Amino acid sequence: MSEERKKEQLKMIWPEQLLGSPPAVHVPIGYTLRTYKPGDEEGWYDVMDLAGFTRWNFEMLEPWLAHVLPDGWFLIEHRASGKIVASAMANHRPQDIHPFGGELGWVAGDPEHKGKGLGMAVCAAVMRRLLEGGYKNIFLNTDDWRLPALSIYLRLGWIPLLYLPDMEERWRDVCANLDWPFTPEQWPEGHSESR
């Protein structure tokens, strides 16, 4: 595993001022947004693999099922092929740093369908579900190298959480790679859940 992938994950939070403003969900023509139904697992494993989350199987998925909110596992299906091409989960994940925490988790998309707003749609659907569920402490974890996902999160309104000493420098690099304003003075500091 590369040194880059051994780092603690980046964290982002949904800002308090946006708690009353769920993002709009826009699904392009030719695609259907829906929630998980039994039998979707194999298609989901495929899209996870295509997104770089390799070797998913039921043994890996099963522990996460306890965290997914009812009607909180969103999938986008390509109508012509019937394939699952994007996914994201609304998870109940309380942690020290996020009491009664709601998490946007496991965002994945098929690269053959990139640039159509599918990642934005599943993320917006998860945000709406978390906000409808009454969550006020909403977070996500991601990696520096997942630039397409980071671009979606920033455009939706998520803000970086500077919870470790190296976070500011890492976010400087992410913002430079995305041509996004680097404004750490506007981002909250936090503490790792290992404190």
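Each residue of the sequence shown is one higher than the one before, counting from 46 in the numbering used here.
Beta carbons: idealized from backbone N, C-alpha and C, even for Gly.
This structure is a prediction, so every number in the text was calculated from the model and none was measured.
Just checking: is the beta-carbon of residue i within a distance shorter than 8 Å of some beta-carbon in chain B?
i	result
P68	The structure shown contains no chain B; it is built from a single protein chain.
Closer than 8 Å by C-beta to residue i: which residues in its own chain qualify, once you throw out the five before and the five after it? Chain order, please.
i	result
S239	Low confidence applies to S239: its pLDDT is 35, below 50, so where it sits in the model is not reliable, and the reading given next is rough at best. Within the same chain, S239 has no close Cβ partners at all.
S47	Because the pLDDT of S47 is 49, which lies under 50, any placement of that residue in the model is unreliable, and the number read from its coordinates should be weighed accordingly. Correct list: empty, nothing qualifies.
F227	W216, R217, C220, A221
G75	H123, R124, A125
P67	A169, M172, R173, L176, E177
Measure the Cβ-Cβ separation of residue i and residue j and say whether it is below 8 Å.
i	j	result
Y81	L55	no
A170	V70	yes
K159	P193	yes
M57	T187	yes
L206	W190	no
C168	A133	yes
M165	I197	yes
K128	G97	no
L185	L223	no
Going by beta carbon distance, what residues of the same chain come within less than 7 Å of residue i, once the five residues before and after it are set aside?
i	result
L110	none
P73	K161, G162
F103	E86
L95	D155, P156
R79	L120, E122
H137	H112, L114, G147
V152	A133, G164, V167, C168, A194
E53	L209
Where DSSP assigns a beta bridge to residue i, which residues make up the other side?
i	result
E148	N136, F184
R79	L120
P205	M57
G154	A131
E234	L207
Pop quiz: residue i and residue j are said to be a contact at Cβ under 8 Å. What is the actual Cβ separation, rounded to whole angstroms?
i	j	result
L201	W225	Rounded, the Cβ-Cβ distance is 13 Å, inconsistent with contact.
Y208	G235	4 Å
K181	L63	Rounded, the Cβ-Cβ distance is 11 Å, inconsistent with contact.
With a threshold of 6 Å on Cβ separation, who are the neighbours of residue i within its own chain once the five nearest residues in sequence on each side are excluded?
i	result
P229	E213
I183	W59, G147, L175
E107	none
Y90	W101
Problem set entry | Within the segment 86–128, ranges of the beta strand (DSSP E) (whole runs, at least 3 residues) | Taking only runs of at least 3 residues, the beta strand (DSSP E) segments lying wholly in the segment 86–128 are 113–123.
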